[in-house]
Amino acid sequence: MPSVRFDIISIGTLSRNRLWNETQAVRTPHSTTTLIRVGERHILVDPGLPPPALAARLFERTGLRPDRIDTVFLTNFRPAHRAGLSLFDRATILIHGPEQQAVSAYLEGLLREAPRQDIDRRLVEQDLRLLEKLRPADDRVADHVDLFPLPGYTPGNCGLLLSLPMTTVLIAGDAVATQEHFLAGQVLPDCYDIKAAQESLTEAYEIADLIVPGHDNVMVNPRAHGL
Numbered sequence: 162m163p164s165v166r167f168d169i170i171s172i173g174t175l176s177r178n179r180l181w182n183e184t185q186a187v188r189t190p191h192s193t194t195t196l197i198r199v200g201e202r203h204i205l206v207d208p209g210l211p212p213p214a215l216a217a218r219l220f221e222r223t224g225l226r227p228d229r230i231d232t233v234f235l236t237n238f239r240p241a242h243r244a245g246l247s248l249f250d251r252a253t254i255l256i257h258g259p260e261q262q263a264v265s266a267y268l269e270g271l272l273r274e275a276p277r278q279d280i281d282r283r284l285v286e287q288d289l290r291l292l293e294k295l296r297p298a299d300d301r302v303a304d305h306v307d308l309f310p311l312p313g314y315t316p317g318n319c320g321l322l323l324s325l326p327m328t329t330v331l332i333a334g335d336a337v338a339t340q341e342h343f344l345a346g347q348v349l350p351d352c353y354d355i356k357a358a359q360e361s362l363t364e365a366y367e368i369a370d371l372i373v374p375g376h377d378n379v380m381v382n383p384r385a386h387g388l
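Quick note, the sequence shown lines up with residues 162 to 388 if you use the working numbering.
Right, here's the structure in full:
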């Protein structure tokens, strides 16, 4: 059975971080992007940067071109997690089924209410067409790589749990926004369901030795040191 390896391709950032006393957006948000390698497979998680920047980072960090990516997984459908998706037209694009269903229902509701000539209607239709191209992920994405649902920030936010020989790694998406949020026990303020998000944050603490937050670098879980 092939072993699994992960590499951080790009470290994400929030548009505003209230733990830094920022009350309005001061930067362009983008997610942390992670590459998972299992045997001959190359799975990219959350392509958050614009295509030119992401292609450059991918090559700098791994020597790979976008056409070597066979699978892309989105932890949620927020724009900050998919800005570079168009790079990977040869890849299978996966998302957690409940996230796909919830977003589809929301967008279809917006369409029913939007005037025919509303410019926002075209954006909604564009997102719906993209959503239809995505496939609901199986519980096991690859050997040693399993779905780990972490709802709350969005209805179907879902991480990936990597089982390495000596450690477990959780790519958490927005269930863990940044290391500071994790250490402070705080979730993002604009959650779909605050209670579910808090429960998901607790699950992340309990399950993983290493955590890849949605918008920060990989971090060691203090629990691994008995803290």
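Glycine included, every Cβ here is placed at the ideal spot set by N, Cα and C.
- Task: Using 10 angstroms around the beta-carbon of Q261, count the other beta-carbons present and answer buried if the total reaches 16, otherwise exposed.
- Result: Taking the first residue of the sequence shown as 1, we reach residue 261 at position 100. Burial state of Q261 is buried, judged by a 10 Å Cβ sphere holding 16 or more other Cβ atoms.
- Item | Sheet register partners of S171 (DSSP bridge) | Mapped onto the sequence shown, residue 171 falls at position 10. Paired residue(s): T194.
- Please work out which residues of its chain come closer than 8 angstroms, Cβ to Cβ, to V187, disregarding the five sequence neighbours upstream and downstream, and give them in chain order. In the sequence shown, residue 187 corresponds to position 26, counting from 1. Result list for V187: S176, R177, in chain order.
- Extent of the continuous alpha helix (DSSP H) to which I368 belongs: Here residue 368 is taken as the residue at index 207 of the sequence shown, counted from 1. Annotation: the continuous alpha helix (DSSP H) that includes I368 extends over 355-368.
- Query: So T223 is in the alpha helix (DSSP H); what residue range does that whole segment cover?
  - Reply: Counting from 1 along the sequence shown, the entry for residue 223 is found at position 62. Start and end: 212-223.
- Task: Can you give me the Cβ contacts of P212 inside the same chain, cut-off strictly under 7 angstroms, excluding the 5 residues immediately before and after it?
- Result: What you label residue 212 is simply residue 51 of the sequence shown in a count that begins at 1. If we look at P212 and ignore the five residues flanking it on each side, its Cβ neighbours are G245, S247, L248.
- Message: Just to confirm the assignment, what range does the beta strand (DSSP E) spanning S324 have?
- Response: Indexing the sequence shown from 1 puts residue 324 at position 163. 319-324 is the extent of the beta strand (DSSP E) around S324.
- State the Cα-Cα distance for the pair A303 and F234, rounded to the nearest angstrom. Numbered from its first residue, the sequence shown carries residue 303 at position 142. Numbered from its first residue, the sequence shown carries residue 234 at position 73. Separation of A303 and F234 (C-alpha to C-alpha, rounded to the nearest whole angstrom) is 12 angstroms.
- Within the same chain, show all residues whose beta-carbon is closer than 6 angstroms to that of S406, passing over the 5 residues directly before and after it, in chain order. Any answer about residue 406 is impossible in this case: the structure gives the chain only from 162 up to 388.
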